[in-house]
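Reading through the structure tokens given below for one structure.
In structure tokens, the structure reads:
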């Protein structure tokens, strides 16, 4: 099953105040193994708020040289088409994405959304459900997260998501595009459960051992 882990960075919190997206990051998972990515910085055509700059560190000068959302929208929509979107605090990201789509006359996102914030709150009621807190809970190294960047947050969220749904974490690391083809070819090898069935002779010996052990220690 293919899913998309998605994260955005913005000029500020509320679209009602005219805030826009400055970065989109996506990691595609195939049966929980990262196989592909989509990433783009964006020119928001407005200034970044001071608080947002403290979070992601993208300056107005840097962003002014990037593509506009309208220039990357087709590639982005093709990348996520027909796949579940895994997002932490999905309400925020989806609101901003739908706002960008609305501004250029495109339809809203209709993908199925899996909100890891809601999953975490349901699983650990009363506990902090921030991405950093979940990384700490699951012993995921988030030392690279000095500032919020979309691809780093997607990488961390993919690992958190695997733990939230009680699956074994993949042994592959999402590092760069050179790993994708290797991931594709090794995916089926990495995901299996080996079941070892004891022989009749082994079962018989085990039963004799238990019988003698119980008599010796408890009777």
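Residue numbers (this note's numbering): 1151 to 1369.
Just so you know, even glycine gets a beta-carbon here, dropped at the ideal spot from N, CA and C.
Outcome for residue 1170 when other beta-carbon atoms lying within 10 angstroms are tallied against a minimum of 16 = So residue 1170 counts as buried.
Report the residue from 1156, 1152, 1269, 1260 whose alpha carbon sits nearest the alpha carbon of residue 1179.
-> Distance from the Cα of residue 1179 is smallest, within the candidate group 1156, 1152, 1269, 1260, for 1152.
Just checking, does the region 1293-1308 make contact with the region 1174-1191 on the three C-beta pairs under 8 Å criterion?
-> Judged by Cβ distances under 8 Å, the region 1293-1308 makes contact with the region 1174-1191, as three or more pairs qualify.
Residue 1312 at chain C interface by Cβ criterion, 8 Å | The displayed structure is made up of one protein chain only, and chain C is not part of it.
Every unbroken alpha helix (DSSP H) within the region 1156-1208, with a cutoff of 4 residues, ordered by chain = Qualifying alpha helix (DSSP H) stretches, in chain order: 1200-1206.
Please determine, among 1243, 1234, 1210, 1251, the residue with the shortest C-alpha to C-alpha distance to residue 1200.
-> Of the listed residues, the one whose Cα sits closest to residue 1200 is 1210.
Inter-stretch contact at 8 Å, needing at least 3 Cβ pairs: the region 1236-1245 / the region 1215-1224 = No contact exists between the region 1236-1245 and the region 1215-1224.
Would residue 1310 be called buried (16 or more neighbouring beta carbons within 10 Å of its own) or exposed?
-> Buried: at least 16 other Cβ atoms inside 10 Å.
Three-state class that DSSP yields for residue 1354 in the structure shown = DSSP places residue 1354 in helix when its eight states are reduced to three.
Please confirm whether residue 1264 and residue 1235 have their CB atoms less than 8 Å apart.
-> Their beta carbons are under 8 Å apart, which means residue 1264 touches residue 1235 by this criterion.
Any idea what DSSP makes of residue 1265, helix, strand or coil?
-> Reduced to three states, the DSSP call for residue 1265 is strand.
Determine the contact status of residue 1158 and residue 1298, defining contact as a CB-CB distance below 8 Å.
-> No, they are not a contact pair.
Under the rule that 16 or more other beta-carbon atoms within 10 Å means buried, what is residue 1315, buried or exposed?
-> Classification for residue 1315: exposed.
Look up residue 1233 in the DSSP assignment and say whether it is helix, strand or coil.
-> Correct three-state label for residue 1233: coil.
Would you kindly work out how many angstroms separate the C-alpha atoms of residue 1155 and residue 1354, rounded to a whole number?
-> Taking the straight line joining both Cα atoms gives about 50 Å.
Does the beta-carbon of residue 1182 have 16 or more other beta-carbons within 10 angstroms, so that it is buried, or is it exposed?
-> Under a 10 Å Cβ-count criterion, residue 1182 is classified as buried, with 16 or more other Cβ atoms of the shown protein chains found around its own Cβ.
Drop a sphere of 10 angstroms on the beta-carbon of residue 1275, count the other beta-carbons inside from all chains shown, and report buried for 16 or more, exposed for fewer.
-> With fewer than 16 other beta carbons inside 10 angstroms of its own, residue 1275 counts as exposed.
Quick one: Cα of residue 1336 to Cα of residue 1185, how far?
-> Reliability of the predicted coordinates at residue 1336 is poor, the pLDDT of 42 falling under 50, and no value is obtained from them.
Hey, how far is the Cα of residue 1165 from the Cα of residue 1202?
-> Residue 1165 and residue 1202 have their alpha carbons spaced roughly 13 Å apart.
Alpha helix (DSSP H) segment containing residue 1248, residue limits | That run of the alpha helix (DSSP H) goes 1240-1253.
Integer-rounded CB distance, given that residue 1248 should sit under 8 Å from residue 1259 | Right, their Cβ atoms sit about 6 Å apart.
Beta-carbon proximity of residue 1254 to residue 1296, cut-off 8 Å = At the C-beta level, residue 1254 and residue 1296 stay beyond 8 Å of one another.
Per-residue DSSP class, three states only, for residue 1152 = In the structure shown, residue 1152 falls within a strand segment according to DSSP collapsed to helix, strand and coil.
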